[in-house]
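**Q** Residue numbers (our numbering), protein chains in the order written: chain V, 137 to 338; chain U, 624 to 842; chain F, 4 to 200. Think of the CB as a built atom: it goes at the ideal place given N, C-alpha and C, for glycine as much as any other residue. Treat the numbers as computed from the prediction; the structure is a model and nothing was measured. One structure coming up, written as structure tokens, with questions to follow.
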Amino acid sequence: MKELEKTKRISIAAVLFILIIIIGLLFYERPKHLYTVNSNDMLEKVIKADYFIALDKIDDPSIVLIDIRSPFEFEKGHLNEAINISTPELLKGDNPELFNKIAANKKVAILYGSTPTEANNAFMVLYQLGFENIKILLVSLAYEQNKLITNNSIIEKNVTDINAFIAESQKKVKIVPKPKKRIPKKVVPKKKKKKMPVEGGC
Amino acid sequence: MINRKLAKVLSFRYKILAIIFLVLAGGLVVLPKYEKQEGIQPEALLKNAVSSERYITTDELADLIINQDPSFILIDVREEESYKKYSLPNSINIPLDKLLSEDSNSFLNQDQFDVILFSNDHFYADQAWLICNRLDYNHIRVLKGGLNAWFNTIINPEKPSENQSVIASELYSFRKAASMYFGVAYPDEFKAKPVVKIIPKKKVIPKKKKKKMPVEGGC
Amino acid sequence: MGPLIPNDIISHEWSYIIAILIGLAFGYILEASGFSSSRKLAGVFYGYDFVVLKVFFTAALVSVIGILYMDYLGYLDFNSLYVHPTFLWGAIIGGAIMGIGFVSGGFCPGTSLCAVAIGKIDAMVFVGGILIGIFIFSELISFFEPIYSGYYFGNVTLVDSLGISPYWFVFIFTIIAIIAFIVVDIIRKRNKKIFYN
Numbered sequence: 137m138k139e140l141e142k143t144k145r146i147s148i149a150a151v152l153f154i155l156i157i158i159i160g161l162l163f164y165e166r167p168k169h170l171y172t173v174n175s176n177d178m179l180e181k182v183i184k185a186d187y188f189i190a191l192d193k194i195d196d197p198s199i200v201l202i203d204i205r206s207p208f209e210f211e212k213g214h215l216n217e218a219i220n221i222s223t224p225e226l227l228k229g230d231n232p233e234l235f236n237k238i239a240a241n242k243k244v245a246i247l248y249g250s251t252p253t254e255a256n257n258a259f260m261v262l263y264q265l266g267f268e269n270i271k272i273l274l275v276s277l278a279y280e281q282n283k284l285i286t287n288n289s290i291i292e293k294n295v296t297d298i299n300a301f302i303a304e305s306q307k308k309v310k311i312v313p314k315p316k317k318r319i320p321k322k323v324v325p326k327k328k329k330k331k332m333p334v335e336g337g338c
Numbered sequence: 624m625i626n627r628k629l630a631k632v633l634s635f636r637y638k639i640l641a642i643i644f645l646v647l648a649g650g651l652v653v654l655p656k657y658e659k660q661e662g663i664q665p666e667a668l669l670k671n672a673v674s675s676e677r678y679i680t681t682d683e684l685a686d687l688i689i690n691q692d693p694s695f696i697l698i699d700v701r702e703e704e705s706y707k708k709y710s711l712p713n714s715i716n717i718p719l720d721k722l723l724s725e726d727s728n729s730f731l732n733q734d735q736f737d738v739i740l741f742s743n744d745h746f747y748a749d750q751a752w753l754i755c756n757r758l759d760y761n762h763i764r765v766l767k768g769g770l771n772a773w774f775n776t777i778i779n780p781e782k783p784s785e786n787q788s789v790i791a792s793e794l795y796s797f798r799k800a801a802s803m804y805f806g807v808a809y810p811d812e813f814k815a816k817p818v819v820k821i822i823p824k825k826k827v828i829p830k831k832k833k834k835k836m837p838v839e840g841g842c
Numbered sequence: 004m005g006p007l008i009p010n011d012i013i014s015h016e017w018s019y020i021i022a023i024l025i026g027l028a029f030g031y032i033l034e035a036s037g038f039s040s041s042r043k044l045a046g047v048f049y050g051y052d053f054v055v056l057k058v059f060f061t062a063a064l065v066s067v068i069g070i071l072y073m074d075y076l077g078y079l080d081f082n083s084l085y086v087h088p089t090f091l092w093g094a095i096i097g098g099a100i101m102g103i104g105f106v107s108g109g110f111c112p113g114t115s116l117c118a119v120a121i122g123k124i125d126a127m128v129f130v131g132g133i134l135i136g137i138f139i140f141s142e143l144i145s146f147f148e149p150i151y152s153g154y155y156f157g158n159v160t161l162v163d164s165l166g167i168s169p170y171w172f173v174f175i176f177t178i179i180a181i182i183a184f185i186v187v188d189i190i191r192k193r194n195k196k197i198f199y200n
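Structural data, given as structure tokens:
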């Protein structure tokens with residue numbers, strides 16, 4: 137009989153162990169959106185910079201324009217045949233499916249906002265979630281007398297040579313710039329792993 | 624009677640337990656694998672991306688630099704060439720392709736300083752920010768408008784016309800003073816002593832994150 | 004979600020309280036399953052009782068399977084768990100010394116304290132020995148230092164160093180464990196049964 141008592145303990149432990157795993161499985165909810173691209177691949181894509189499309193190439197029938205501005209801005213004026221999905225709404229409702237459908241039809245979704253930078257948020261989030269057929273339209277939008285004006289936009293254009301400007305201004309006044317005091321560069325101490333005391337086993 | 628039957632079943636108990644183990648361990652092997660989710664939830668990333676909280680204006684930055692605020696690091700995410708040509712004072716160059724390298728990690732993934740990313744516009748800096756944000760690096764900000772805005776507002780501020788508000792002219796005088804700090808000379812200001820407006824120093828409270836300490840085990 | 008303390012779901016201040024509770028439970032279970040008897044512990048080495056081996060093997064299996072399931076389901080982040088750093092030769096020499104102490108003394112450090120708690124005199128002597136050992140080691144620390152903190156391999160796990168998928172590793176480990184259980188059972192049956200009081 138003593139043997140049987142021991143068995144009870146064993147079976148209780150075993151049942152509990154299985155129960156915990158089953159409960160875990162039952163309550164497990166697969167997250168709705170999963171990344172399929174990791175950060176390194178995303179960075180590679182960013183550097184490759186092949187995800188831009190110029191304004192004069194949007195007449196192609198294989199593209200779908202998506203306006204990521206707010207519905208309010210969209211109402212004020214938008215490009216022809218554009219669909220409005222504002223950035224905060226990207227992952228809500230049927231919107232992800234829409235992108236899937238665009239992919240299934242072998243079309244390319246072109247995102248645009250009032251600047252390419254605005255579209256970039258949506259682009260990067262979507263790309264990391266595995267929607268690869270998306271591009272950013274190089275456009276900047278402006279209004280003139282309530283009419284939408286589209287301009288070609290060049291990203292990250294270096295407009296002026298700031299050094300030259302400063303030198304120019306100094307030449308005008310004919311002063312010799314004082315040698316600038318260099319503030320020593322900040323050095324961020326590398327975080328050392330805290331050395332933990334080695335604990336003994338039993 | 625029941626007891627005897629039960630005893631009979633239970634005589635196999637070790638075998639049953641062994642089988643349970645095998646099934647569970649085997650289950651791990653056959654479970655469908657998916658790539659480990661790295662960083663924060665996509666929904667959270669989107670929410671952060673939409674928020675404009677990350678932007679710092681050029682005026683705020685100029686203020687920080689002039690007051691020699693020690694709590695921030697400037698990081699130039701353009702390529703090395705442009706960095707050498709001109710960059711903000713005391714900035715560190717981390718080109719985009721080195722963003723995730725180990726050396727950059729000690730600058731980006733820390734909570735002692737605020738990190739301010741900038742590029743010519745804020746497009747690249749924004750991209751860098753999004754990548755960092757997904758990896759849950761805190762205290763990273765983006766210079767709104769980047770160097771172009773820096774030039775247009777601080778280095779070469781536009782003089783407000785007469786009929787504009789007082790605020791505009793005040794802003795102009797601040798920017799002009801700032802530009803002189805950064806080396807621009809004005810003919811009209813040459814003889815007069817430049818009056819640098821004292822702007823109340825904004826206190827940046829470094830948020831202290833609790834260190835993630837691994838819990839030590841041992842028996 | 005987990006691990007609870009590093010992710011601040013339970014604050015750091017609680018860690019000692021939790022440690023005490025776990026320690027109490029651990030001590031209770033050690034004592035309740037008879038681990039405070041040096042004969043039972045030393046039985047592994049003489050081949051008449053393999054409870055120690057079975058218990059620790061099973062405990063390792065249960066926890067590793069549990070952790071991997073929780074990690075898979077996203078309840079626990081496998082990578083933020085603490086991994087004991089490896090100091091290779093320190094571990095080898097220390098392990099050998101502990102093994103010798105284990106056979107000759109009949110306790111391992113944890114169980115010796117358990118046995119002290121129920122008033123076993125041999126365990127008290129054993130703990131005294133441990134303290135003397137600690138004292139000698141601390142006095143000669145500068146002499147042992149190169150081995151003690153040398154041969155550092157970082158926080159590696161078997162899975163890292165073997166380079167196989169943790170799931171396969173656990174599966175193989177389970178099979179090894181079950182085979183080990185069967186083998187030790189056969190060895191035990193060959194020996195005379197020993198009764199403890």
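Verify whether the separation of the beta carbon atoms of F:VAL86 and F:ASN158 is less than 7 Å.
**A** Yes, the Cβ-Cβ distance between F:VAL86 and F:ASN158 is below 7 Å.
**Q** Examine chain V for any beta-carbon lying closer than 7 Å to the beta-carbon of F:LEU7, and answer yes or no.
**A** No, because no Cβ of chain V sits closer than 7 Å to the Cβ of F:LEU7.
**Q** What does DSSP give as the partner residue(s) for U:ASP566 in the beta ladder?
**A** Residue 566 of chain U cannot be examined here, being either before or after the span of chain U that is shown, 624 to 842.
**Q** Can you name, in chain order, every residue of its own chain whose Cβ lies under 7 Å from the Cβ of F:GLY113, other than the five neighbours on each side?
**A** Hits under 7 Å: LEU33.
**Q** At 7 Å on the CB atoms, spell out the chain F contacts of V:TYR164, in chain order.
**A** Correct list: LEU76.
**Q** Taking 7 Å as the cut-off, decide whether the C-beta atoms of V:ILE204 and V:GLY249 are in contact.
**A** For V:ILE204 and V:GLY249, yes; Cβs fall inside 7 Å.
**Q** Is U:LEU684 close to chain F, meaning its C-beta is less than 7 Å from at least one C-beta of that chain?
**A** By this cut-off, U:LEU684 is not an interface position.
**Q** Is there a Cβ from chain U that is less than 7 Å from the Cβ of F:THR177?
**A** Judged by the 7 Å Cβ criterion, F:THR177 is in contact with chain U.
**Q** Taking only three categories from DSSP, how would you classify F:ASN82?
**A** The answer is helix: DSSP assigns F:ASN82 an H, G or I state.
**Q** Chain V beta carbons: is any one of them nearer than 7 Å to that of U:PRO665?
**A** Yes, U:PRO665 counts as interfacial toward chain V.
**Q** Quick check: the Cα distance between F:LEU76 and V:ASP297, rounded to an integer number of angstroms?
**A** Their Cα atoms are separated by approximately 54 Å.
**Q** 7 Å is my cut-off, CB to CB: does U:TYR760 come that close to chain V?
**A** U:TYR760 does not count as touching chain V.
**Q** How would you list, in chain order, the residues of chain F whose beta-carbon sits under 7 Å from the beta-carbon of V:ILE157?
**A** Correct list: TYR72.
**Q** Can you look up F:LEU143 in the DSSP assignment and give me helix, strand or coil?
**A** In the structure shown, F:LEU143 sits in coil (DSSP, three-state: anything other than H, G, I, E or B).
**Q** How would you list, in chain order, the residues of chain V whose beta-carbon sits under 9 Å from the beta-carbon of F:VAL65?
**A** Near F:VAL65 (Cβ distances below 9 Å), the residues of chain V are ALA149, PHE153.
**Q** Excluding the five sequence neighbours on either side, which residues of its own chain have a C-beta within less than 8 Å of the C-beta of F:VAL186, listed in chain order?
**A** Nothing meets the Cβ criterion.
**Q** Contact criterion: CB-CB distance below 7 Å. Does V:SER305 meet it with respect to chain U?
**A** Chain U, which has a Cβ nearer than 7 Å to the Cβ of V:SER305, makes this yes.
**Q** What do you reckon, are the CB atoms on V:ILE219 and V:LEU247 nearer than 7 Å?
**A** No.
**Q** V:LEU161 versus chain F: which residues are under 9 Å apart at the beta carbon?
**A** Those are TYR72, LEU76, listed as they occur along chain F.
**Q** How far does the beta strand (DSSP E) with F:GLY3 in it extend, from its first residue to its last?
**A** The structure shown does not extend to residue 3 of chain F, since chain F is modelled only from 4 through 200, so no value can be given for it.
**Q** Which same chain residues end up closer than 6 Å to U:TRP566 when comparing Cβ atoms and leaving out the 5 residues on each side of it in sequence?
**A** Any answer about residue 566 of chain U is impossible in this case: the structure gives chain U only from 624 up to 842.
**Q** If you drop the 5 nearest sequence neighbours on each side, which residues of the same chain put their C-beta closer than 7 Å to that of V:LYS104?
**A** Examination of residue 104 of chain V is not possible in this model, given that chain V is present from 137 through 338 alone.
**Q** Under 7 Å Cβ-Cβ, which residues of chain F neighbour U:GLY649?
**A** Simply PHE174.
**Q** Could you check what DSSP says for U:TYR795 in three-state terms: helix, strand or coil?
**A** If DSSP states are grouped into helix, strand and coil, U:TYR795 belongs with the helices.
**Q** What whole-angstrom Cβ distance do F:TYR151 and F:GLY93 have, given they're in contact under 8 Å?
**A** So it is a contact: roughly 5 Å between Cβ atoms.
**Q** Would you call the region 761-768 of chain U and the region 193-207 of chain V in contact, with 3 or more CB pairs under 8 Å?
**A** No, because fewer than three Cβ pairs between the region 761-768 of chain U and the region 193-207 of chain V fall closer than 8 Å, the two stretches do not touch.
**Q** Residues of chain V with CB under 8 Å from U:GLU661, in chain order?
**A** Chain V residues near U:GLU661: TYR171, ASN174, SER175.
**Q** Three-state secondary structure (DSSP) at F:ILE190?
**A** Helix.
**Q** Could you give the uninterrupted runs of the alpha helix (DSSP H) lying entirely in the region 163-210 of chain V, keeping only those of 4 residues or more?
**A** Within the region 163-210 of chain V, the complete alpha helix (DSSP H) runs of at least 4 residues are 175-184.
**Q** Would you please state the rounded distance, in angstroms, between the beta carbons of F:LEU44 and F:VAL55? I believe it to be under 8 Å.
**A** Contact holds; Cβ gap of about 6 Å.
**Q** Rounding to the nearest angstrom, what Cα-Cα distance links U:ILE717 and V:VAL182 in this structure?
**A** Their backbone Cα atoms lie some 15 Å apart in a straight line.
**Q** Should U:PHE644 be flagged as near chain F, meaning a C-beta pair shorter than 7 Å?
**A** Yes, its Cβ sits closer than 7 Å to a Cβ of chain F.
**Q** Have a look at V:ASP230, V:ASN256, V:HIS169, V:SER198 and flag the residue whose alpha-carbon is nearest the alpha-carbon of V:PHE188.
**A** The shortest C-alpha separation from V:PHE188 is found at V:ASN256.
**Q** Using beta carbons (cut-off 7 Å, strictly below), is U:ILE679 in contact with chain V?
**A** So no, U:ILE679 is outside the interface.
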